[in-house]
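Report on one structure; see the data block that follows.
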Amino acid sequence: TKTMPIFEADKGYDCLWLRSFLLQKHLFPLIPYRKNTSKASVFKETFSINSKRWKVERTFAGLKRKCRRLMMRWERKLVIREAFTILGLMFMWVNNLLR
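Read left to right, the sequence shown gives residues 2 to 100 (our numbering).
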């Protein structure tokens, strides 16, 4: 069987037209329902794919906090920005290893 690629988004993108559009494009919409809908509890029970997402979010928040140059986007070229991102990640990993 062929599996669908997953399109993951935040609760802010929870709308019916977007879900149907993604399904038409053969993408599985992994978008949590908002709290005020009745389907919100079903989503938590059904999908535990994004259980490790908080680690990624915390890493990017740490990068933005410790590496101001990444947050301000002073670089015009994408290659230089990517290099500073990798450098910031290496800096964080070395600090975690030395703890």
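Even glycine gets a Cβ: it sits at the ideal position worked out from N, Cα and C.
Where residue i falls, given that 16 or more other Cβ within 10 Å makes a residue buried
i, result
"proline 33", "buried"
"arginine 59", "exposed"
"glycine 89", "buried"
Residue i: first and last residue of the uninterrupted beta strand (DSSP E) it sits in
i, result
"isoleucine 7", "7 to 9"
"leucine 31", "29 to 31"
Beta-carbon proximity check, residue i vs residue j, cutoff 9 angstroms
i, j, result
"leucine 71", "threonine 86", "yes"
"alanine 10", "leucine 31", "yes"
"phenylalanine 92", "lysine 65", "no"
Unbroken alpha helix (DSSP H) run spanning residue i, endpoints
i, result
"leucine 99", "79 to 99"
"glycine 63", "54 to 67"
"arginine 20", "17 to 25"
Proximal residues to residue i (C-beta, below 7 angstroms), its chain only, five neighbours per side dropped
i, result
"arginine 100", "none"
Same chain only: Cβ atoms within 6 angstroms of residue i, ignoring 5 sequence neighbours per side
i, result
"alanine 84", "none"
"leucine 28", "Pro6, Phe8"
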